[in-house]
Amino acid sequence: MNFSELKNAIIADATSMNVRTALVENGAFKTEFVSDLPSMESFADSLSKICSDFSGIDAYVICTGPGSVLGTRVASAAVSTLAKMHKAPVFEFDAMKIAAYAVFCRGGNSDFSILAPSRKGFANLLNFSNAEVECEREIEDENLASFCKPRKFLLKQKNTVSKNLSEIEEIEISLSETYEILKRYPNLATICGFPPDAKSLTKREYVKWKAQAPI
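Residue numbering for the sequence shown is 1 to 215, as defined by my numbering.
Take a look at the structure:
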């Protein structure tokens with residue numbers, strides 16, 4: 001199964017300050033729910049807001065980062081449980097790649113950088129050019145000028161960011177736009193194992209998550 005074959009799916013993103021869940025029904029985007037509460041308090045409730053019967057869900061589609069490792073772990077546990085109960089596959093996607101293709105599809109100069117907050121003093125960076133991702137890495141935010149392209153955007157994942165990041169134009173990607181991007185570029189969603197891994201660009205956090213991940 002690939003993403004373009006999905007008819008009924010749950011899409012979830014708990015990598016930012018807002019927990020987003022959405023339902024795709026009969027191949028069309030039906031509804032999205034956004035909560036500003038922490039994922040541990042809101043994720044299960046968010047799922048119940050968009051779907052009352054999970055037996056008909058063909059697949060689950062989850063954002064695995066970069067972003068909040070805790071939020072992704074909560075979403076991963078819930079999604080993995082439902083997927084195993086109903087024998088459905090889980091797809092994963094990268095928040096920054098979705099943001100990059102969203103900017104690209106909106107038009108304008110196709111040579112740009114996407115940034116997102118990381119640990120203190122660092123930022124996640126994705127450079128995009130010629131309709132594809134050039135690189136994705138973590139950098140010190142004081143070195144933005146050395147690594148970023150002139151046109152750049154900050155993926156809104158936190159309310160408070162460093163001074164260097166606060167001066168960059170913010171973008172926010174809804175799950176409805178995410179769905180449209182994934183339909184257009186289905187290779188951005190790939191089937192993953194159980195539980196989905198939290199993809200942090202910070203090696204320290206990623207190793208810690210891998211050690212604690214088994215459910």
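A virtual CB, placed ideally from N, CA and C, is assigned to each residue, including glycine.
In this model, Val-79 and Ala-12 are separated by some 8 Å (Cα to Cα). If you draw a 10 Å sphere on the C-beta of Thr-160, you find fewer than 16 other C-beta atoms in it, and that means exposed. DSSP places Glu-132 in the uninterrupted beta strand (DSSP E) bounded by 132 to 140. For Val-61, the beta-bridge partners assigned by DSSP are Ile-11 and Phe-91.
Between Leu-115 and Lys-152 a beta carbon distance of about 6 Å is seen, short of the 8 Å cut, so the two are scored as contacting. Residue burial is scored here from C-beta neighbours: Lys-120 has fewer than 16 other C-beta atoms within 10 angstroms and is therefore classed as exposed. For Arg-20, the enclosing beta strand (DSSP E) starts and ends at 19 to 25. About 7 Å separates the Cβ atoms of Val-90 and Ile-191, confirming a contact at the 8 Å cut-off.
A residue is called buried once 16 or more other Cβ atoms fall within 10 Å of its Cβ, and Ser-4, having fewer, is exposed. Closest in C-alpha terms to Leu-175, from the list Val-19, Asn-8 and Lys-7, comes Val-19.
In the displayed model, Phe-194 falls within coil according to three-state DSSP, outside both helix and strand.
When the Cα atoms are used, Lys-199 and Ala-189 turn out to be separated by approximately 14 Å.
With a contact defined as Cβ atoms closer than 8 Å, Thr-81 and Asp-197 miss out at about 16 Å.
The three-state reading of DSSP puts Thr-31 in strand, counting E and B together. Exposed is the label assigned to Cys-135, since fewer than 16 other Cβ atoms lie within 10 Å of its Cβ. Closest in alpha carbon position to Arg-184, among Ala-9, Asp-45, Ala-14 and Phe-104, is Phe-104.
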